[in-house]
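Residue numbers (the working numbering): 15 to 382. Structure first, then comments.
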Ligand code: SF4
């Protein structure tokens with residue numbers, strides 16, 4: 015059946031996308047503006063659809079701390095490697111993190127050394143594994159923002175309900191608004207507005223971002239993920255730059271004012287905020303989420319006595335500056351030479367949502 019125009023994704027309509035890009039180029043601007051996208055999926059789609067080429071020279075898009083694997087501190091990666099070396103432990107995790115280098119190799123390296131590390135597509139698959147293989151300690155290694163945390167917590171809830179004793183979590187969960195606040199509070203912040211993450215906002219709601227205009231007088235737009243969504247969001251940012259800044263929800267088909275109450279309730283029930291370390295951004299108050307004390311029996315760090323050690327960034331890698339919007343992947347001397355997807359030096363090249371990986375795959379000929 016031929017899809018109707020309503021159902022057909024708008025990014026397949028070049029007339030709409032080109033028209034929106036033309037509108038962006040026509041907005042008179044006093045100076046070059048720098049907007050940040052705070053979501054790895056936006057980063058990838060901006061590169062994938064070639065949107066930088068359409069924006070003209072007056073608008074620059076920089077990537078922010080929107081890729082959960084990329085922002086995970088090297089010390090936490092080392093902790094995951096330490097866990098994988100524990101006897102009798104099976105680590106289950108998403109494929110994205112497998113190649114992220116720690117101080118001594120990656121999870122792929124450990125797997126090659128014979129550790130039991132398995133790639134899964136959902137936390138529930140890890141729980142199924144624990145149910146089937148009672149003689150093993152199965153740990154789900156979780157990275158992510160507010161978007162993916164509820165699914166992990168539902169799995170934990172299930173494990174507790176079924177009393178599955180050989181299942182636990184090693185989680186490095188993070189909250190995005192504190193990271194954006196920390197960026198804006200930085201002395202040398204040169205960001206004129208934000209394209210905010212649609213997925214995260216589906217959970218936390220539009221209001222969670224109000225501080226951007228209330229405390230920093232900057233505009234922000236919650237946007238969806240096709241080319242038309244992103245370009246419309248940028249156009250709205252430009253209009254607000256000339257007028258009153260606010261946080262606009264341009265993704266109302268998924269995002270509400272208050273967010274998803276069921277998901278937020280899960281977060282409040284099981285987790286509490288703490289000052290987490292981010293790659294490149296340092297320690298940010300209330301930006302991490304860890305299990306409350308009563309759920310510590312399911313915390314793999316407690317169960318196996320893991321303690322974080324100091325870890326240095328990979329030599330020559332400027333992921334930290336890229337995650338702060340201070341540099342582009344092309345500024346890194348290792349980009350596309352020593353560092354490539356098949357031999358990544360830093361996480362921004364490994365992850366499918368990393369800026370370096372996206373630029374390498376889609377944008378090497380159109381880099382700014
Ligand atoms: S190109 Fe590689 S080494 Fe350079 S910043 Fe990106 S991930 Fe790090």
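Note that the Cβ used here is the ideal one computed from N, Cα and C, for glycine as well.
DSSP bridge partner residues for residue 237 (one or two, in chain order)
Your numbering for residue 237 matches position 223 in the chain shown. Paired residue(s): 211.
Reduced DSSP secondary structure (H/G/I, E/B, other) of residue 287:
As a first step, residue 287 is located in the chain shown; it is residue number 273 there, counting from the start. Note: residue 287 maps to strand in three-state DSSP.
Please state whether DSSP places residue 179 in a helix, a strand or coil.
Position 165 of the chain shown holds residue 179. Residue 179: coil per DSSP, three-state reduction.
Where residue 31 falls, given that 16 or more other Cβ within 10 Å makes a residue buried
Your numbering for residue 31 matches position 17 in the chain shown. Buried.
Residue 81 to residue 160, Cα distance in whole Å?
For the purposes of this step, residue 81 is identified with residue 67 of the chain shown, where counting begins at 1. For the purposes of this step, residue 160 is identified with residue 146 of the chain shown, where counting begins at 1. Roughly 12 Å between the two C-alpha positions.
Residue 360 CB to nearest heavy atom of ligand 1 below 6 Å:
Counted from its first residue, the chain shown places residue 360 at position 346. Result yes, Cβ under 6 Å from ligand 1.
Short Cβ contact (7 Å threshold) for residue 117 with residue 325:
Counted from its first residue, the chain shown places residue 117 at position 103. Counted from its first residue, the chain shown places residue 325 at position 311. In this structure, residue 325 lies closer than 7 Å to residue 117 by Cβ.
Taking just the CA atoms, how far does residue 206 sit from residue 74?
Numbered from 1 along the chain shown, position 60 holds the residue referred to as residue 74. Numbered from 1 along the chain shown, position 192 holds the residue referred to as residue 206. Near 10 Å, if we compare the C-alpha coordinates of residue 206 and residue 74.
Sub-7 Å separation of residue 247 and residue 294 beta-carbons
Taking the first residue of the chain shown as position 1, residue 247 is located at position 233. Taking the first residue of the chain shown as position 1, residue 294 is located at position 280. No; because the gap between Cβ atoms is not below 7 Å, this pair is not in contact.
Residues in its own chain within less than 7 Å of residue 20 by CB, not counting five upstream and five downstream?
Your numbering for residue 20 matches position 6 in the chain shown. In this prediction, residue 20 has a pLDDT of 45, which is less than 50 and means its spatial position is unreliable; what the coordinates show is noted afterwards. The answer is none, since no qualifying residue turns up.
Note down, one range per segment and in chain order, each beta strand (DSSP E) of at least 3 residues found wholly within the stretch 137–193.
151–158 and 181–188
Can you name the start and end residues of the beta strand (DSSP E) that residue 131 belongs to?
Counting from 1 along the chain shown, the entry for residue 131 is found at position 117. Element bounds for residue 131: 130–133.
Residues bridged to residue 292 by DSSP?
Locating residue 292 in the chain shown gives position 278, where the first residue counts as 1. Answer by DSSP bridge pairing, in chain order: 86 and 296.
For the alpha helix (DSSP H) containing residue 51, name the first residue and the last one.
Numbered from its first residue, the chain shown carries residue 51 at position 37. Residue 51 -> not in any alpha helix (DSSP H); beta strand (DSSP E) instead, spanning 47–51.
Is it buried or exposed, residue 87, if we count other Cβ atoms within 10 angstroms and call 16 or more buried?
Reading the chain shown from its first residue, position 73 is the one you call residue 87. Residue 87 is buried by the Cβ-count criterion.
Taking Cβ positions, are residue 312 and residue 183 nearer each other than 7 Å?
One-based indexing of the chain shown puts residue 312 at position 298. One-based indexing of the chain shown puts residue 183 at position 169. Yes. Within cutoff.
Would you identify the three-state DSSP class for residue 95, choosing helix, strand or coil?
Sequence index remark: in the chain shown, residue 95 carries index 81 (1-based). Correct three-state label for residue 95: helix.
In three-state DSSP terms, what is residue 415?
This structure leaves residue 415 out entirely; the chain is present only between 15 and 382.
Rounded C-beta distance between residue 166 and residue 139? I'm assuming under 8 Å.
Position 152 of the chain shown, counted from the start, is the residue given in the question as residue 166. Position 125 of the chain shown, counted from the start, is the residue given in the question as residue 139. About 12 Å; that fails the 8 Å criterion.
Note the first and the last residue of the continuous alpha helix (DSSP H) segment covering residue 67.
Working through the chain shown from its first residue, we reach residue 67 at position 53. Its alpha helix (DSSP H) spans residues 65–68.
With C-beta atoms as the reference, is residue 84 less than 7 Å away from residue 346?
Against the chain shown, residue 84 aligns to sequence position 70. Against the chain shown, residue 346 aligns to sequence position 332. In this structure, residue 346 does not lie closer than 7 Å to residue 84 by Cβ.
Nonlocal neighbours in the same chain, by C-beta distance under 6 Å from residue 364, ignoring five residues either side
Taking the first residue of the chain shown as position 1, residue 364 is located at position 350. Here the set comprises 113, 114 and 358.
Do the stretch 219–228 and the stretch 189–196 touch if we need at least three Cβ pairs shorter than 8 Å?
yes
Determine the closest residue to residue 228 out of 198, 253 and 214, with distance taken between C-alpha atoms.
Your numbering for residue 228 matches position 214 in the chain shown. Of 198, 253 and 214, the residue nearest in Cα terms is 198.
Top-ranked residue by Cα proximity to residue 218, from 254, 188, 155 and 61
Here residue 218 refers to the residue found at position 204 of the chain shown. Comparing Cα positions, the closest option is 188.
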